[in-house]
Amino acid sequence: MGYSNSTYAEARAILEKQRIRNEQELEKRRELLYARSERAKQLERNIAKTSIMTARIIFKGGNVKEEMEKLKTSNLKAQKELENIIAGFGFPSNYLEIWYKCEKCKDTGYADDRMCECMKKLCRNIEYQKLNETSPLELSSFDTFSLEYYSKSSSGGKESDYVRMSRVLNMCRKYAGSFSNKSKSLLMQGGPGLGKTHLSLAIAREVIDSGYGVLYVSAPVILKQIEKEYFGSQNNESNILNNILECDLLWVRKLIQNINHRFYIIY
Numbered sequence: 001m002g003y004s005n006s007t008y009a010e011a012r013a014i015l016e017k018q019r020i021r022n023e024q025e026l027e028k029r030r031e032l033l034y035a036r037s038e039r040a041k042q043l044e045r046n047i048a049k050t051s052i053m054t055a056r057i058i059f060k061g062g063n064v065k066e067e068m069e070k071l072k073t074s075n076l077k078a079q080k081e082l083e084n085i086i087a088g089f090g091f092p093s094n095y096l097e098i099w100y101k102c103e104k105c106k107d108t109g110y111a112d113d114r115m116c117e118c119m120k121k122l123c124r125n126i127e128y129q130k131l132n133e134t135s136p137l138e139l140s141s142f143d144t145f146s147l148e149y150y151s152k153s154s155s156g157g158k159e160s161d162y163v164r165m166s167r168v169l170n171m172c173r174k175y176a177g178s179f180s181n182k183s184k185s186l187l188m189q190g191g192p193g194l195g196k197t198h199l200s201l202a203i204a205r206e207v208i209d210s211g212y213g214v215l216y217v218s219a220p221v222i223l224k225q226i227e228k229e230y231f232g233s234q235n236n237e238s239n240i241l242n243n244i245l246e247c248d249l250l251w252v253r254k255l256i257q258n259i260n261h262r263f264y265i266i267y
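According to my numbering, the sequence shown is numbered sequentially starting from 1.
Structure representation (structure tokens):
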């Protein structure tokens with residue numbers, strides 16, 4: 001279970017850029033404060049020297065405890081004065097701290113040795129973006145699949161298109177909801193406009209939300225890309241095959257001509 005290596009790499013790169021932005025924004029806030037108050041600049045620098053002063057006291061020897069108490073008192077006084085200056089300008093109390101987009105993981109993507117929810121969401125968004133490049137994923141979900149387009153009339157003892165598609169919709173919902181690496185394959189067959197693409201993308205959406213990697217491509221694109229990567233003039237490593245092998249769900253679209261316009265799904 002999991003997304004492709006490229007998705008994780010892209011997510012980590014995005015988080016790295018976010019951390020850099022966090023630090024840059026802090027520096028901008030600091031410069032603004034310094035421009036308004038030279039005293040704030042002096043106080044923060046003095047506070048920053050606390051660790052150095054502590055080391056000097058320890059290595060110097062003598063009455064270390066007394067000197068440490070003096071340093072503590074001086075440090076707390078400086079902090080309080082700096083807080084008052086910041087509040088006086090109407091700035092928040094954490095003005096000189098890094099503002100993380102996700103406080104839980106500090107924009108690292110991991111908290112308590114586990115992947116943070118923000119990282120999972122980011123991976124899902126990346127997968128959505130990849131899928132949206134070749135398909136209308138944002139418009140495709142089970143909730144937006146309407147059965148009203150299918151006829152409720154039946155003839156010759158056969159079930160109506162409405163009943164058939166209701167069963168197909170429920171089957172697809174069940175497949176997506178219980179998807180795992182051991183799930184069987186699906187074959188959707190039918191004429192254009194019957195809902196194959198919509199249902200396949202609805203499945204892909206739910207599978208991605210469950211944390212699986214999905215690759216949604218057409219058969220001609222796969223074959224063309226393999227031909228280009230394996231038999232082209234440049235000997236490059238085949239990314240398309242790597243993606244196929246890494247993904248949890250591979251959805252291949254193929255246009256079938258001269259087919260009965262009834263919708264079939266083979267499970």
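Where a beta carbon is used, it is the ideal one built from N, C-alpha and C, also for glycine.
Tell me whether residue i is buried or exposed, calling it buried when 16 or more other Cβ atoms sit within 10 Å of its Cβ.
i	result
G219	It is worth fixing the name first, because residue 219 is Ala in this sequence and not Gly. By the 10 Å Cβ count, A219 comes out exposed.
T73	exposed
V221	exposed
L32	exposed
A35	exposed
K158	exposed
L15	buried
L215	buried
K130	buried
I256	Note that I256 scores 45 on pLDDT, short of 50, meaning its location in the model is unreliable and no value can be drawn from it.
E206	buried
A176	buried
S140	buried
For my contact list, residue i and residue j are in at a C-beta cut-off of 8 angstroms; report their separation, rounded to the angstrom.
i	j	result
C247	S51	49 angstroms between Cβ atoms; not a contact.
I57	L71	7 angstroms
E83	S93	7 angstroms
M188	A11	Their Cβ separation, rounded to whole angstroms, is 31 angstroms, which puts M188 and A11 out of contact at 8 angstroms.
K104	A111	5 angstroms
Q79	I47	6 angstroms
I85	S6	In fact, because the Cβ distance is near 47 angstroms, the residues do not count as touching under 8 angstroms.
Closest Cβ-Cβ distance between residue i and chain C: below 9 angstroms?
i	result
F89	Looking at the structure shown, chain C is missing, and only one protein chain is on hand.
Alpha carbon to alpha carbon, how far is residue i from residue j?
i	j	result
S178	I208	13 angstroms
P143	T197	The question names Pro, but residue 143 is Asp in the sequence shown. Going by the C-alpha atoms only, they are around 14 angstroms apart.
K121	K77	43 angstroms
G190	G109	43 angstroms
G90	Y8	40 angstroms
M68	N22	33 angstroms
V252	R114	33 angstroms
L26	E117	25 angstroms
L88	S210	Residue 88 is actually Gly in this sequence, not Leu. Those two C-alpha atoms are separated by around 48 angstroms.
G195	R30	56 angstroms
S183	K224	28 angstroms
K17	D107	10 angstroms
G213	S185	15 angstroms
S160	F231	49 angstroms
R19	A13	10 angstroms
L249	Y128	14 angstroms
K28	C123	30 angstroms
E66	Q24	39 angstroms
E227	S180	31 angstroms
R164	V217	27 angstroms
>> Quick check for students: name the residue ranges of the alpha helix (DSSP H) that lie wholly in the segment 99-165, counting only runs of 4 or more.
In response: Runs found: 117-132.
> How do the segment 40-54 and the segment 142-155 stand: do at least 3 beta-carbon pairs fall below 8 angstroms, yes or no?
Replying inline: They do not touch, by the three-pair rule.
> Do three or more CB pairs link the segment 166-178 to the segment 193-213 at distances below 8 angstroms?
Replying inline: The answer is yes - the segment 193-213 touches the segment 166-178, with three or more Cβ pairs under 8 angstroms.
> Is there contact between the segment 49-63 and the segment 93-101, where contact requires at least three CB pairs shorter than 8 angstroms?
Replying inline: Counting Cβ pairs under 8 angstroms, fewer than three are found: no touch.
>> I'd like the ranges of any beta strand (DSSP E) spanning at least 3 consecutive residues and lying wholly in the segment 180-206.
In response: List check, beta strand (DSSP E) in window: 187-189.
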